[in-house]
């Protein structure tokens, strides 16, 4: 994983549900990454937080395309 990659949460962490989208903003806090978290069904916009990298995996091509669709719909509503 690298900075600005789109990742997916592999399990529920804190208030974030498995499947939440996460952009890596910074990777300079050891095992904790600074993330922009998107869950279009639960959050009103993005949330920013630090989470351990063990909870992340890279998004697949299909998940990236799904994110793009959901983000476009979110922008059209806002």
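In the numbering used here, the protein residues as written are 155 to 232.
Here a beta-carbon is modelled for each residue, glycine too, at the ideal position from N, C-alpha and C.
* To do: Could you work out which residue in 184, 226, 172 is closest to residue 204 when comparing CA atoms only?
  => The option with the nearest alpha carbon to residue 204 is 184.
* Quick one: what's got a C-beta closer than 7 Å to residue 167's C-beta in the same chain, skipping five residues either side? -> Same-chain partners within the cutoff: 205, 209.
* To do: Tell whether a beta-carbon distance below 8 Å holds between residue 188 and residue 201.
  => For residue 188 and residue 201, no; Cβs fall outside 8 Å.
* Close beta carbons around residue 158, own chain, < 7 Å, minus the five adjacent residues each side -> Same-chain partners within the cutoff: 177, 178.
* Asked: Of the residues 221, 169, 229, which one's Cα is nearest the Cα of residue 196?
  -> Just measuring C-alpha positions, the residue of 221, 169, 229 sitting nearest residue 196 is 169.
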